[in-house]
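Taking it in order: structure first as structure tokens, then the write-up.
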Amino acid sequence: MMRCIWLAKGILFVYLWFRNFGVEIETMELLSSWCYDGSLPESYVMPLERRPGNLVVPLEKSIPVIDLQCHDPKDTIQQILKASQDYGFFQVINHGVSEELMDETMNVAEEFHAMPGLDKERECGKDPNGSCKLYTSSYAYPREDFHYWRDAVTHPCRPLDEHIQYWPEKPTRYREVVGTYSVEMWKLSCRILEFICEGLGLSADYFSNDLTQVPKIMINHYPPCPAPSLTLGLSKHCDPTIITILLQGQINGLQVFKDGRWIGVQPLPHAFVVNIGYLLQVP
């Protein structure tokens, strides 16, 4: 199922399970270093057929919402399978991740992206393997015809003790908070995948292989845009992952393509959005 990001100021925190493609990113100027001057450069103006325009996309409450504290595990499994088949997306509530940790994680993400560009570059440049990446628009920025209105930082998060030493040290709570959050995301994603495995008649550890050994954290930042009808935060796409878990916050902008139209995913307080990726397609 495809998704895209129409512009709204905010942070989107993403936890992804996928193959390590080893993409190299060339140096680029961060959007947040100049975006507040009130102009929209021509390179950010999408072709007419790709512009969001001023059309109001309805927020849908019909995106499945699944309570993971349901007393009937079999019912939970069937809800997850149906949502995966029909939408490729669902939201989870009562998932076991503390609201305090979710709020702290979003706060730390906002603090990181509020730092000066050079400070962010220094904090993300400590890994000799280059796996902690800071970029604007997308990995393909130098080759893009049009750019997307976002900055992002991404880094591996498992095994935690191998990677955390290369994560940003500023803000001072970054490693502590994001490290704890990544552990909780690992537990939650494993739990959801186990539900799916059981529903499909597979062993609970079916996904315990090399496909699931490179989970990553991605923190997307969408600054205020002077002309949101002309550009996008992210184009329509399908995730090349097994599973993606999104912490949307209370900012609208995430959309899902369903039955030939785009529908907005209404943020629910302290819920996670789960996206079934290309590598896991539930038949």
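Residues -22 to -1, 1 to 261 (mature numbering (1 follows the signal peptide of the UniProt record, and there is no 0)) make up the sequence shown, in order.
The beta-carbon is built from N, C-alpha and C at its ideal position, and this holds for glycine as well.
Predicted model, so just to flag it, every value in this text is computed and none were measured.
Per-residue DSSP class, three states only, for residue i
{"i": "Leu18", "result": "coil"}
{"i": "Gln57", "result": "helix"}
{"i": "Gln143", "result": "helix"}
{"i": "Gln47", "result": "coil"}
{"i": "residue 262", "result": "Summary: the structure shown does not reach residue 262, with the chain confined to residues -22 through 261, and so no result is reported for it."}
{"i": "Trp63", "result": "The amino acid occupying residue 63 in the given sequence is Gln; Trp does not appear at that position. It is helical."}
Top-ranked residue by Cα proximity to residue i, from the options
{"i": "Ser116", "options": "Ala92, His125, Ser109", "result": "His125"}
{"i": "Cys135", "options": "Lys165, Arg121, Trp127, Tyr119", "result": "Lys165"}
{"i": "Thr209", "options": "Cys216, Gly231, Glu77, Gly238", "result": "Gly231"}
{"i": "Tyr(-8)", "options": "Leu59, Ser10, Met80", "result": "Met80"}
{"i": "Pro25", "options": "Ile58, Ile41, Tyr152, Ser213", "result": "Ser213"}
{"i": "Phe173", "options": "Thr54, Gly238, Asp45", "result": "Thr54"}
{"i": "Tyr256", "options": "Pro193, His215, Gly238", "result": "His215"}
{"i": "Met93", "options": "Gln226, Pro51, Ser10, Leu180", "result": "Ser10"}
Beta-carbon contacts of residue i that lie in its chain and below 7 Å, excluding the five residues immediately before and after
{"i": "Leu258", "result": "Ile220, Ile221"}
{"i": "Gln47", "result": "Asn72"}
{"i": "Glu176", "result": "Ile55, Ala182"}
Neighbour-count burial assignment, residue i, 16 or more Cβ in a 10 Å radius
{"i": "Ser167", "result": "buried"}
{"i": "Val252", "result": "buried"}
{"i": "Ala249", "result": "buried"}
{"i": "Gly74", "result": "exposed"}
{"i": "His141", "result": "buried"}
{"i": "Tyr152", "result": "buried"}
{"i": "Ala14", "result": "Looking at the sequence shown, residue 14 is not Ala but Tyr. It is exposed - the Cβ of Tyr14 has fewer than 16 other Cβ atoms within 10 Å."}
{"i": "Asp45", "result": "exposed"}
{"i": "Lys194", "result": "buried"}
Same chain only: Cβ atoms within 6 Å of residue i, ignoring 5 sequence neighbours per side
{"i": "Glu89", "result": "Pro149"}
{"i": "Pro204", "result": "Gly16, Leu18"}
{"i": "Leu8", "result": "Gly95, Thr114, Asp129"}
{"i": "Cys110", "result": "Cys102, His133, Tyr144"}
{"i": "Phe185", "result": "Leu171"}
{"i": "Gln228", "result": "Pro245"}
{"i": "Leu224", "result": "Val(-9), Val251"}
8 Å Cβ cutoff, residue i in contact with chain D
{"i": "Met93", "result": "Among the chains in the structure shown there is no chain D, since it carries only a single protein chain."}
Residues near residue i in its chain [Cβ-Cβ closer than 8 Å; skip 5 each side]
{"i": "Leu138", "result": "Gly157, Ser160, Val161"}
{"i": "Pro146", "result": "Phe90, Lys98, Glu101, Cys102, Cys110, Val131, Tyr152, Arg153"}
{"i": "Ile58", "result": "Ile44, Phe68, Ile170, Phe173, Ile174, Gly177"}
### Message
Please give me, in chain order, every unbroken run of the alpha helix (DSSP H) with length at least 4 that falls completely inside the region 148 to 187.
### Response
For the region 148 to 187, the full-length alpha helix (DSSP H) segments reaching 4 residues or more read 152 to 177 along the chain.
### Message
Extract the residue ranges of the beta strand (DSSP E) inside the region 199 to 230, only unbroken runs of 3 or more that lie entirely within it.
### Response
The region 199 to 230 contains these whole beta strand (DSSP E) runs: 212 to 215, 221 to 225.
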